[in-house]
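Numbering (the numbering used here), first residue to last: 1 to 67.
Right, here's the structure in full:
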């Protein structure tokens with residue numbers, strides 16, 4: 001899922017893998033130059049930022065949860 005900048009929300013992408021087990025990865029473009037960085041995943045092998053929800057905002061977090 002790819003979301004462009006809308007209002008105060010920065011552009012972000014959500015990747016969902018369904019092979020073997022379902023995993024989600026959320027990337028945010030804080031620079032607004034197409035430089036996406038991983039901010040959250042439910043993959044225990046990858047790091048997540050503790051404040052990832054505040055970086056996205058409540059509407060985007062709901063979007064990620066529904067995906």
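By construction, the Cβ of each residue, glycine as well, lies at the ideal position given by its N, Cα and C atoms.
In the same chain as residue 42, and ignoring 5 residues on each side of it, the C-beta atoms closer than 7 Å to its own belong to 23 and 24, in chain order. Relative to residue 14, the option among 8, 21 and 27 whose CA is nearest is 27. Measuring C-alpha to C-alpha distances from residue 31 to each of 66, 61, 49 and 55 identifies 55 as the nearest. In summary, residue 60 is buried, with 16 or more beta-carbon neighbours lying within 10 Å of its beta-carbon over all protein chains present. Using a 10 angstroms sphere on the CB of residue 12, the tally of other CB atoms reaches 16 or more, which defines it as buried.
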